[in-house]
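Same order as they appear, the protein sequences are chains A and W. To convert a position in the first sequence, counted from 1, into my numbering, add 950. To convert a position in the second sequence, counted from 1, into my numbering, add 28. Backbone N, C-alpha and C define an ideal beta-carbon position, used for all residues, glycine too. Only one structure is covered here, and it is reproduced in the block below.
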Amino acid sequence: MDIGSFLINAILLVFLAATAIAVARLQNLFAGAMLFGIYSLLSAGVFVVLDAVDVAFTEAAVGAGIATILMLSTIALTGIKHESIPIRPLRSLLLVAVVGAALIYGTFDMPRFGDAEAPAHQHVALRYLQQSGDEIGIPNVVTSVLASYRGYDTLGEVAVIFTAGIGVLCLLGGSRRRRTDPADKS
Amino acid sequence: MRHHLVLRVIAKLLIPLILLFALYVQFHGDFGPGGGFQAGVIFGSAFILYGLIFGANTARRVATPEVVRVLAACGVLLYAGVGVVAILRGGNYLQYRVLAATATGGEHLGIFLIEFGVGLTVAMIMIGLFYCFTGYRPSDHNNGTHPHDA
């Protein structure tokens, strides 16, 4: 790894950690929502460094854009300060340390980053990369996999988004008719 | 928001560009990064920006909540319908290669249509969520009293 990419990685990770700590320590929810947006933007930067531009694109649009707006809208409905609840810092720290150690222990069995022999690069990925150009005829392999090879999954994802959206519409009553109708029993 | 002249002028300049960028992301997803999910979110955020600057009720006149809900369902139906058309043309469900004369032509057409369905649903759900949050009044569900006031 050359010094330039090391610097970029180090700066991104330091900023990610600093933003996460700041979010946890803030009492002001408005500032917290804005910091969440910044966190998403930094994550998008990390994904670009990892060559996952499609994921970075989604993270920037959804995480930094829509999620921030929805959080701000929720704050507008509820309140800008959160009530302080008594916490036991030692127990929380112990829990975080144990779970974090277990996660790090789990990474020891994972293949090295960028390892060409990793199972993820040996299974169907090879076929997608080598033959999707002839089979699908589309330069972007991500789109080929997402829309064609994994068409069922993507249909399921769209159905999930639709169902979740309809659920929120039902819960919050998105219909103007329902709000202006006093005879409505619900 | 009536006096935020700078915001209003900049928003009027930006919103057409954001919509155009959403269409670019939607229809250029075969060749570069992007696709229906990202394009839908970008298209929705253009509407949300419009609603934030000019008021949610003005945005509701541009795209009424009824239209938004119907179009959200249409996106899923378009996606699922492409699969049914593939069955009717003698293939398997969502097997795009039977949709056109050549296999790659069918894949192009199928991916184009389902990505459009994805983008439509995602954009409309995002706009619908924004309408929900901006139109919600807690008193409507508590007989006129706020739960914390009682």
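Next on the checklist: Short of 8 Å in beta carbon distance, which residues of its chain neighbour Val1003(A), apart from the five on each side in sequence? Order them along the chain.
Outcome noted: Phe997
Checklist entry - Assuming Gly119(W) and Ala128(W) make a contact with CB atoms under 8 Å, what is their CB distance in whole Å? => result Not a contact, Cβ separation roughly 11 Å.
Checklist entry - Which residues, in order along the stretch 977 to 1011 of chain A, keep a beta-carbon less than 7 Å from a beta-carbon of chain W? => result Val1003, Asp1004, Phe1007, Thr1008 and Ala1011
Item to check | beta strand (DSSP E) segments (min. 3 residues) lying fully within the stretch 63 to 124 of chain W | outcome: none
Next on the checklist: I'd like the span of the alpha helix (DSSP H) that includes Gln1080(A), first residue to last.
Outcome noted: Val1074 to Glu1085
Next on the checklist: According to DSSP, simplified to helix, strand and coil, what is Asn959(A)?
Outcome noted: helix
Item to check | Ser990(A) beta carbon less than 8 Å from that of Ala1010(A) | outcome: yes
Checklist entry - So Arg1038(A) is in the alpha helix (DSSP H); what residue range does that whole segment cover? => result Taken as a continuous stretch (DSSP letters only), Arg1038(A) belongs to no alpha helix (DSSP H), as it is neither H nor E.
Checklist entry - Beta carbon of Ala91(W), beta carbon of Ile155(W): below 8 Å? => result yes
Item to check | Touch test, the stretch 132 to 152 of chain W against the stretch 60 to 72 of chain W, Cβ-Cβ under 8 Å, three pairs minimum | outcome: yes
Checklist entry - Is it the case that the Cβ atoms of Tyr124(W) and Ala114(W) are separated by a distance below 8 Å? => result yes
Checklist entry - If the cut is a Cβ gap below 7 Å, which residues of chain W does Ile1111(A) touch? => result Thr149, Val150 and Ile153
Next on the checklist: Between the alpha carbons of Thr132(W) and His1071(A), how many angstroms are there, rounded?
Outcome noted: 25 Å
Next on the checklist: Would Leu141(W) and Val110(W) qualify as a contact pair, given that the criterion is a beta-carbon distance under 8 Å?
Outcome noted: yes
Checklist entry - If you measure from the CB of Tyr1102(A), is any heavy atom of the ligand NAP nearer than 7 Å? => result Among the ligands in the structure shown, none appear at all, so the ligand NAP cannot be discussed.
Checklist entry - Straight-line CA distance for Leu1122(A) to Cys160(W)? => result 6 Å
Next on the checklist: With a threshold of 8 Å between beta-carbons, can Tyr164(W) be considered close to chain A, or not?
Outcome noted: yes
Checklist entry - When you compare each of Phe144(W), Arg117(W), Val104(W) and Leu116(W) to Gly1115(A) by their alpha carbons, which one comes out closest? => result Val104(W)
Checklist entry - Is the Cβ of Asn170(W) closer than 8 Å to any Cβ of chain A? => result Legend: pLDDT at Asn170(W) = 48, less than 50; position of this residue unreliable, value from coordinates given subsequently. With 8 Å as the cut-off, Asn170(W) does not count as an interface residue toward chain A.
Checklist entry - Can you list the residues of chain W that Gly1115(A) reaches, using a CB-CB cut of under 7 Å? => result Ala100, Ile153, Gly156 and Leu157
Item to check | Meets three-Cβ-pair contact criterion under 8 Å: the stretch 1023 to 1031 of chain A and the stretch 1046 to 1058 of chain A | outcome: no
Checklist entry - alpha helix (DSSP H) containing Arg36(W): first to last residue? => result Leu33 to Phe55
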